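J.:
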Amino acid sequence: MNVFFIIIMGIIMLAGVFAVIRFIKGPTTADRVVALDNLSTIVVATLIFMGFVFQRFIYIDVSLIYAVLGFIGVLTIARYLEGGI
Amino acid sequence: METVLLYLGYFFVSLGAVFLFLGAFGIFRMPDFYTRLQAGTKSSTLGAMSLILGVGLMQPEWFFKTLIIIIFIAISNPISSHALARGAYKTHQKPLTDTIDAYEEVVKEDETKNEEE
Amino acid sequence: MIGAAIYAIITKDLIFATIGTSLISLALSVIFYLLHAPDVALTEAAIGVALSTIVFVIAVRNTKRYEED
Amino acid sequence: MNQILTYSVYGSAILVMLIGIYAVLTKKNLIKIVIGLSIMDSGFNLLLVALGYIKGGTAPIFSPAVAGKDVLMVDPVPQALVLTAIVIGFGVTAVALSLVIRLYRKHNTIKIDEIKTLKW
Amino acid sequence: MKKLVIISLLLVLGYSLMNTFSDIEFGKKREGISSYFLEHSPDDLQVANTVTAIVVSFRGFDTLGEVTVLFLAATAMGTILFRRRSKHTGLNPQRKSPQASRIVQAAGKLLFPAIMILGAYVFIHGHLTPGGGFQGGAIIATGFLLLLISYRQFKVEHKYVTWIESLAGLSFVTIGLLGMILGPHNSFLENFLNVGSLNDLLSGGVIALVYIAVGFKVGAELTGILDTLINIRETGDID
Amino acid sequence: MVANPILYIALPLFTAFLVPLLAKLWKPLVRIVPGLVLAYLAIMSVVLMQQVSPEKPIIAMIAGWKAPWGINLVFTSFSGFIASLISILAFFIWLYSFGFKKVEFDDAQKYFILFMLLTAGSIGVVLTGDIFNMFVFIEITSLSAYALTAFYKGRDGAEAAFKFLLIGSFSSIMLLLGIAILYTYTGTLNMAHLALLMPQVPMHAKITSFLLFFVALGIEAEMFPLNGWAPDAYSQAPGPIAASFAGILAKAGIYALIRVSYTIFDLGDHGGFELLLVMGLITMVVSELVAMRQENLRRMLAYSSMGQMGLIMIAFGLGTKEGIYAGLFIMFNHAVIKSLLFLASAYLVYYTSRKKISDLDGFGKLLPLTSLLFGLGAFAIVGLPPFSGFWSKLSLLIATANSHMEFVLATVLAVSVIEIIYYFRVLGRLYFRKAHKEIKVRKPTWNSVVTMIVLALVIIAVGVHPDFITGLLHNAATDLADKADYIQKIIPDLFSQTLN
Chain A
1 MNVFFIIIMG IIMLAGVFAV IRFIKGPTTA DRVVALDNLS TIVVATLIFM
51 GFVFQRFIYI DVSLIYAVLG FIGVLTIARY LEGGI
Chain B
86 METVLLYLGY FFVSLGAVFL FLGAFGIFRM PDFYTRLQAG TKSSTLGAMS
136 LILGVGLMQP EWFFKTLIII IFIAISNPIS SHALARGAYK THQKPLTDTI
186 DAYEEVVKED ETKNEEE
Chain C
203 MIGAAIYAII TKDLIFATIG TSLISLALSV IFYLLHAPDV ALTEAAIGVA
253 LSTIVFVIAV RNTKRYEED
Chain D
272 MNQILTYSVY GSAILVMLIG IYAVLTKKNL IKIVIGLSIM DSGFNLLLVA
322 LGYIKGGTAP IFSPAVAGKD VLMVDPVPQA LVLTAIVIGF GVTAVALSLV
372 IRLYRKHNTI KIDEIKTLKW
Chain E
392 MKKLVIISLL LVLGYSLMNT FSDIEFGKKR EGISSYFLEH SPDDLQVANT
442 VTAIVVSFRG FDTLGEVTVL FLAATAMGTI LFRRRSKHTG LNPQRKSPQA
492 SRIVQAAGKL LFPAIMILGA YVFIHGHLTP GGGFQGGAII ATGFLLLLIS
542 YRQFKVEHKY VTWIESLAGL SFVTIGLLGM ILGPHNSFLE NFLNVGSLND
592 LLSGGVIALV YIAVGFKVGA ELTGILDTLI NIRETGDID
Chain F
631 MVANPILYIA LPLFTAFLVP LLAKLWKPLV RIVPGLVLAY LAIMSVVLMQ
681 QVSPEKPIIA MIAGWKAPWG INLVFTSFSG FIASLISILA FFIWLYSFGF
731 KKVEFDDAQK YFILFMLLTA GSIGVVLTGD IFNMFVFIEI TSLSAYALTA
781 FYKGRDGAEA AFKFLLIGSF SSIMLLLGIA ILYTYTGTLN MAHLALLMPQ
831 VPMHAKITSF LLFFVALGIE AEMFPLNGWA PDAYSQAPGP IAASFAGILA
881 KAGIYALIRV SYTIFDLGDH GGFELLLVMG LITMVVSELV AMRQENLRRM
931 LAYSSMGQMG LIMIAFGLGT KEGIYAGLFI MFNHAVIKSL LFLASAYLVY
981 YTSRKKISDL DGFGKLLPLT SLLFGLGAFA IVGLPPFSGF WSKLSLLIAT
1031 ANSHMEFVLA TVLAVSVIEI IYYFRVLGRL YFRKAHKEIK VRKPTWNSVV
1081 TMIVLALVII AVGVHPDFIT GLLHNAATDL ADKADYIQKI IPDLFSQTLN
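Residue numbers (the working numbering), protein chains in the order written: chain A, 1 to 85; chain B, 86 to 202; chain C, 203 to 271; chain D, 272 to 391; chain E, 392 to 630; chain F, 631 to 1130.
(1) What residues in its chain sit with their C-beta under 7 Å from that of L1014 (chain F), if we drop five residues either side in the sequence?
(2) Just curious, the alpha helix (DSSP H) that N1032 (chain F) is in, first and last residue?
(3) Going by Cα to Cα distance, which pick from A:L64, A:V74 and A:T29 is closest to Q526 (chain E)?
(4) What did DSSP end up calling T329 (chain D) once you bin it into helix, strand or coil?
(5) Within its chain, find whatever has a CB closer than 6 Å to the CB of P1016 (chain F); leave out the 5 residues flanking it on each side and keep chain order.
(6) Under three-state DSSP, which class holds T758 (chain F)?
(7) Following the continuous beta strand (DSSP E) through I372 (chain D), name the residue where it begins and the one where it ends.
(8) Just how far apart, CA to CA, sit K1023 (chain F) and F962 (chain F)?
(9) By Cβ distance, which residues of its chain are closer than 6 Å to T950 (chain F), with the 5 residues on each side in sequence left out?
(10) Closer than 6 Å by C-beta to G250 (chain C): which residues in its own chain qualify, once you throw out the five before and the five after it? Chain order, please.
(11) Quick check: the stretch 853 to 868 of chain F against the stretch 781 to 789 of chain F, are there 3 or more CB pairs under 8 Å?
(12) Based on the DSSP secondary-structure assignment, which residues constitute the bridge partners of D37 (chain A)?
(13) If you scan the stretch 712 to 797 of chain F from start to end, which runs of the alpha helix (DSSP H) of 4 or more residues do you find wholly inside it?
(14) Look at the alpha carbon of V403 (chain E) and the alpha carbon of G205 (chain C), and state the distance between them as a whole number of angstroms.
(15) Quick one: does F23 (chain A) have its CB under 8 Å from some CB of chain D?
(16) Bridge partners of A690 (chain F), per DSSP?
(17) So T533 (chain E) contacts chain C; which residues on that side make the cut at Cβ distance below 8 Å?
(18) My understanding is that I42 (chain A) touches A19 (chain A), with C-beta atoms under 8 Å, so please give their C-beta distance in whole angstroms.
(19) So that I know if they touch, is there some Cβ in chain A lying closer than 8 Å to that of Y209 (chain C)?
(20) Anything in chain E within Cβ reach of T277 (chain D), meaning under 7 Å, just list it in chain order.
(21) Could you tell me which chain I residues have their CB closer than 9 Å to the CB of L216 (chain C), listed as they occur along the chain?
(22) If you compare alpha carbons, which of E:A532, E:V552, E:G524 and E:M409 is closest to V447 (chain E)?
(23) Hey, G953 (chain F) and A1029 (chain F) are a contact pair by Cβ (cut 8 Å); roughly how many whole angstroms apart?
(24) Closer than 8 Å by beta-carbon distance: list the chain E residues that pair up with I164 (chain B), in chain order.
(25) So what's D215 (chain C) in DSSP terms, helix, strand or just coil?
(26) Under 8 Å by Cβ, that's how I've got A243 (chain C) and L69 (chain A) pegged, so tell me the actual separation to the nearest angstrom.
(27) Using a Cβ-Cβ cut-off of 8 Å, state whether V305 (chain D) counts as contacting chain E.
(28) From the DSSP output, read off the bridge partner residues of M344 (chain D).
(29) At the 8 Å Cβ level, is T176 (chain B) part of the contact set with chain A, yes or no?
(30) What residue range does the alpha helix (DSSP H) around E850 (chain F) cover?
(31) Roughly how many angstroms lie between the CA atoms of K419 (chain E) and L237 (chain C), to the nearest whole one?
(32) Which residue wins for smallest C-alpha separation from S750 (chain F), given the options F:T818, F:L725 and F:I639?
(33) In three-state DSSP terms, what is G587 (chain E)?
(34) Where does G418 (chain E) fall in DSSP's three states?
(35) Determine, using beta carbons only, whether V262 (chain C) and L216 (chain C) come nearer to each other than 8 Å.
(36) Just by C-beta distance, which residues in the stretch 440 to 461 of chain E are closer than 8 Å to chain F?
Below is the structure:
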């Protein structure tokens, strides 16, 4: 089943590459933040998937915390754009 | 039963990966900010959720924690996109032409309300 | 990650630079995870992604956003 | 193969660190300098964790899945050190930024050239 | 010109570092104190997470120093930014920034307890799973951050923050001093409780207690730092 | 239990965490309790110094783990001497600043917390036997130093502090890199164990890490090209804090430098000590020359302080036991005398914002006692006979003569002349010029007078009868010079294993 894992990882990495390109290109702040948001979603998924590949149950905790905290960084910048902080 | 779960898991994982890819591709290709946001959020959230669900199905003893993560993602991702859209709107980032901006009036109402408070 | 670091350095807009550091933390955290250091990955996620970002954002908010030459 | 991996991993960590140092030394903007400091720290953390990695090892946690089995584990000491270093780095960053804010209040600029009451 | 000098200097530094580190093969097992830790952490302390065992027990002094660094950072920021709490007691200054949208507010209300529980989970299980006091504390502080950025009238009560911070720090040092009295070697921070058995929640003896204290302390300190920063516009007097 | 090296760290931290709660009970407690703790530490160091001898160092384990695995605190004759010096000096500086910021309560609370932590961190740097732990304590020390530098609102403290922070961050990253190199080659972090395993480190890695350590700790120890932070920090910080920078922070820095170059690295044959000597020479000459041109009293004292640090580095760079003895003697004198000078100068320049030397005309009549004490300190630091500075300089000169370094000897003498010139210029202004009209002066409070007089008495006592301290210094020098002994005392098992 190794081939399957590699294919999945390849697809996810390709997605990451696109998001990074948008991050570098993105004309406005908001575009970049969208890319960051998307990247952090991708990272959560990747971390869980890698935990599965490594077969360590405890690694899931990391992605659990990532899922919660990743969005707060984005929320902060969004509130900044709004003039909220 | 286990093989069924396993294959179901494979299916969901592949689906998730494809959706994640589509979301990122959408972010890359879409013409203006709001459409990008839409592509990024909807597609990626679905992708991540289904990928995690797939992993949970493949490893039934992990299912509880994966479920928690799915719930978190389902709550947090839309909120951040919403806040982001609002923030971008406040910085006067206009959508492409030919769109109807219904939000403008809501914002005005909100502001007057805030001032009254 | 190196790209993000270079980007964070060269950009003139400090908010972009902040997002860049956030991205560095993100990449770093994944790398730590792949190097089998979940504790460190967790710390980097908690401190680098959320707290560091907001501290920088507040600092930018209280000063100037653009770096002028 | 392993040689390439050695060079690329350590090389990129050191490169990130050098980028941070470069920013600290050449940039004129105070916040940019602080960003440079934090990048510098990140590079070092990566370097130290990479030094502790052992091929084929797993995280140094004896969970039920690995208890009793003879598994190879990565070096836990660098991880503990990095944990300390990250937290200390955050503290220093916070203090540096508050200094920047205070300098801005006083001089109304964050360019290092214009803040020169003392000799640099 | 200056840049060229700096770049060449950096190149020299990079070269010498690379020269030093390239001898060390990536991913090769090396001798050292770590094998002792990996052996004795599950056997003597019954702690599953070796990193936690190192951070809290073997190198517990570092952790005390680290907590102090954060405490110091919070105090230093108060000093640097001239925050005077006494001036504002009872006034409850409101931030003038625009309110967040209702969706964000609702989400803050919804997610805050969840984040708190998650933080508590992380530092209570510090000896079993990845994470521990610092991470848990950071997560709790992030929870307060969520409230701070979604409600402009939300105000962290400094009284409680100070109390929690001080009490947690005091309990850390007190646990250490108790180790000097009760521990078998009479040394600081020594374990004086029953260590339990591996992978139980109540294992590791004093380690779990220390990490809980660290979690509360770090959480309070980071919350204090964030609150100082967020309220800076209104309370810092400008000169 | 009652006298244990761990209390040096644990008690100040305990107090620092306790102070915010005490403030809620009764406000004067915020001032009194730190003083009580520092007094306890000072008494404890006297007790411990009597127990310790080169044959029998006091080693405190932490968390019950033996030396190479756990962190331990090592109270030897050498490290104990410096720790005692720091703790006693800290008590006197507390006494001096007892009434500091009486009006603004919140500030006073922070001041005492930061000062406690500065002391605890410095003592930690001195006592710890573990190299990463040393980094943590250096970080504690420097963070509190940044905050204290930026303490005053009106001055340019923030700027000085930012500069200090930048350089300090470099220092910490260099230190971390050095630690990383050593850890990967030896797999340990304990200093004695590192020293034992040092032969197995390849030469180029050894040199790289030594240079990294040297630069990093040289920043703390105010070595020449890296001491840009020092004059600004000294001149912008509150008066007592400037004294504690000279007496506490710089001492911890130079201790770390010496410990690393003497104990961990075996580079004595490969020019390790010569590097120290040369850097010390450059530091001394450059900073004394710069000190001569300074207009600002505080900056002048700061540069003079750096010159003294250079002198200490020269003494330790000789590499002989006599050199170590001389270096320790200078360290002791510098801590006491420079503190006296800074404390006295705080009153001399109290109301002048520019702190110019030219504003000091005629202060000898306005503030007779303070000026007298300042003059006494100036006499002592340039090394005139009846004071303690004379003996330390003499021992340094003897040590250089015995190791046949005539050039160094000549330079030290020449620099002493420069020192005399600029100190006497200040004294001349104090006593032989007429005062400007309408100078506001502030009379020193009773506690600061007591502090300054005690320090002056110490200077005179040691100057008249140096045997008070020579025994301790000899013990300390013996202790530092014998590296194998240090290793054997800390890790006896591993040491005997390698011998067999």
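Just so you know, even glycine gets a beta-carbon here, dropped at the ideal spot from N, CA and C.
All figures in this text were calculated on a predicted structure; none of them were measured in a lab.
T.: Let me spell this out:
(1) Along the sixth sequence, one-based indexing puts residue 1014 (chain F) at 384. For L1014 (chain F), the CB contacts under 7 Å within the same chain, skipping 5 residues up- and downstream, are F1020 in chain order.
(2) Locating residue 1032 (chain F) in the sixth sequence gives position 402, counting from the first residue. If you look at N1032 (chain F), you'll find it in the alpha helix (DSSP H) that goes S1018 to N1032.
(3) One-based indexing of the fifth sequence puts residue 526 (chain E) at position 135. Answer by Cα proximity: A:L64.
(4) Residue mapping note: residue 329 (chain D) aligns to position 58 of the fourth sequence, counting from 1. In the structure shown, T329 (chain D) falls within a strand segment according to DSSP collapsed to helix, strand and coil.
(5) Here the question's residue 1016 (chain F) lines up with position 386 in the sixth sequence. G1093.
(6) Counting from one through the sixth sequence, the residue named residue 758 (chain F) turns up at place 128. Shown here, T758 (chain F) sits in a strand according to DSSP, grouped into three states.
(7) Residue numbering aside, residue 372 (chain D) sits at position 101 when the fourth sequence is read from its first letter. Per DSSP, I372 (chain D) lies in no beta strand (DSSP E) segment; the continuous alpha helix (DSSP H) that holds it begins and ends at P347 to H378.
(8) In the sixth sequence, the residue the question calls residue 1023 (chain F) occupies position 393. In the sixth sequence, the residue the question calls residue 962 (chain F) occupies position 332. Between the C-alpha atoms of K1023 (chain F) and F962 (chain F) there is a straight-line separation of about 12 Å.
(9) Here residue 950 (chain F) is taken as the residue at index 320 of the sixth sequence, counted from 1. The residues are S1033.
(10) Position 48 of the third sequence, counting from 1, holds the residue named residue 250 (chain C). Around G250 (chain C): S227.
(11) Proximity of the stretch 853 to 868 of chain F to the stretch 781 to 789 of chain F meets the contact definition, three or more beta-carbon pairs being nearer than 8 Å.
(12) Position 37 of the first sequence, counted from the first residue, corresponds to residue 37 (chain A). None; D37 (chain A) has no bridge partner.
(13) The qualifying runs are 735 to 757 and 761 to 779.
(14) Taking the fifth sequence and counting its residues from 1, one reaches residue 403 (chain E) at position 12. Taking the third sequence and counting its residues from 1, one reaches residue 205 (chain C) at position 3. When only Cα atoms are considered, V403 (chain E) and G205 (chain C) end up about 22 Å apart.
(15) Residue mapping note: residue 23 (chain A) aligns to position 23 of the first sequence, counting from 1. Using beta-carbon distances, F23 (chain A) does not count as an interface residue toward chain D, since no partner is under 8 Å.
(16) Numbered from 1 along the sixth sequence, position 60 holds the residue referred to as residue 690 (chain F). Paired residues: F:L703.
(17) By one-based count along the fifth sequence, residue 533 (chain E) stands at place 142. Proximity of chain C to T533 (chain E) at the Cβ level (cut-off 8 Å) is accounted for by A248, A252 and L253, in chain order.
(18) On the first sequence, residue 42 (chain A) is found 42 positions in, with the first residue counted as 1. On the first sequence, residue 19 (chain A) is found 19 positions in, with the first residue counted as 1. Going by Cβ atoms, the distance from I42 (chain A) to A19 (chain A) rounds to 7 Å, so yes, they are a contact pair.
(19) Here the question's residue 209 (chain C) lines up with position 7 in the third sequence. Y209 (chain C) counts as touching chain A.
(20) Counting from 1 along the fourth sequence, the entry for residue 277 (chain D) is found at position 6. Near T277 (chain D) (Cβ distances below 7 Å), the residues of chain E are S413, E416 and F417.
(21) No chain I appears in this structure, whose protein chains are A, B, C, D, E and F.
(22) To locate residue 447 (chain E), count along the fifth sequence from 1; it is residue 56. Of the candidates E:A532, E:V552, E:G524 and E:M409, the one whose C-alpha sits nearest the C-alpha of V447 (chain E) is E:G524.
(23) Taking the first residue of the sixth sequence as 1, we reach residue 953 (chain F) at position 323. Taking the first residue of the sixth sequence as 1, we reach residue 1029 (chain F) at position 399. Right, their Cβ atoms sit about 5 Å apart.
(24) Counting from one through the second sequence, the residue named residue 164 (chain B) turns up at place 79. Chain E residues near I164 (chain B): I494, V495 and A498.
(25) Along the third sequence, one-based indexing puts residue 215 (chain C) at 13. D215 (chain C): strand per DSSP, three-state reduction.
(26) By 1-based counting over the third sequence, the position of residue 243 (chain C) is 41. By 1-based counting over the first sequence, the position of residue 69 (chain A) is 69. Contact doesn't hold; Cβ gap of about 12 Å is too wide.
(27) As a first step, residue 305 (chain D) must be located in the fourth sequence, where it is residue number 34. For V305 (chain D), the answer is no, since every Cβ of chain E falls outside 8 Å of its Cβ.
(28) The residue you call residue 344 (chain D) lines up with position 73 of the fourth sequence. Paired residues: D:T329.
(29) The count along the second sequence starts at 1 and reaches residue 176 (chain B) at position 91. For T176 (chain B), the answer is yes, since a Cβ of chain A falls inside 8 Å of its Cβ.
(30) Taking the sixth sequence and counting its residues from 1, one reaches residue 850 (chain F) at position 220. In this chain, the alpha helix (DSSP H) harbouring E850 (chain F) covers M833 to E850.
(31) Walking along the fifth sequence from the start, residue 419 (chain E) turns up at place 28. Walking along the third sequence from the start, residue 237 (chain C) turns up at place 35. Straight-line Cα distance between these residues: approximately 13 Å.
(32) One-based indexing of the sixth sequence puts residue 750 (chain F) at position 120. Correcting the residue type first, residue 750 (chain F) is Ala in the shown sequence and not Ser. Distance from the Cα of A750 (chain F) is smallest, within the candidate group F:T818, F:L725 and F:I639, for F:I639.
(33) Position 196 of the fifth sequence, counting from 1, holds the residue named residue 587 (chain E). For G587 (chain E), the three-state secondary structure derived from DSSP is coil.
(34) Your numbering for residue 418 (chain E) matches position 27 in the fifth sequence. Strand.
(35) Residue numbering aside, residue 262 (chain C) sits at position 60 when the third sequence is read from its first letter. Residue numbering aside, residue 216 (chain C) sits at position 14 when the third sequence is read from its first letter. Result yes, Cβ atoms of V262 (chain C) and L216 (chain C) sit closer than 8 Å.
(36) Of all residues in the stretch 440 to 461 of chain E, the ones placed with a Cβ closer than 8 Å to any Cβ belonging to chain F are S448, F449, R450, G451, F452, D453, L455, G456, E457, T459 and V460, in chain order.
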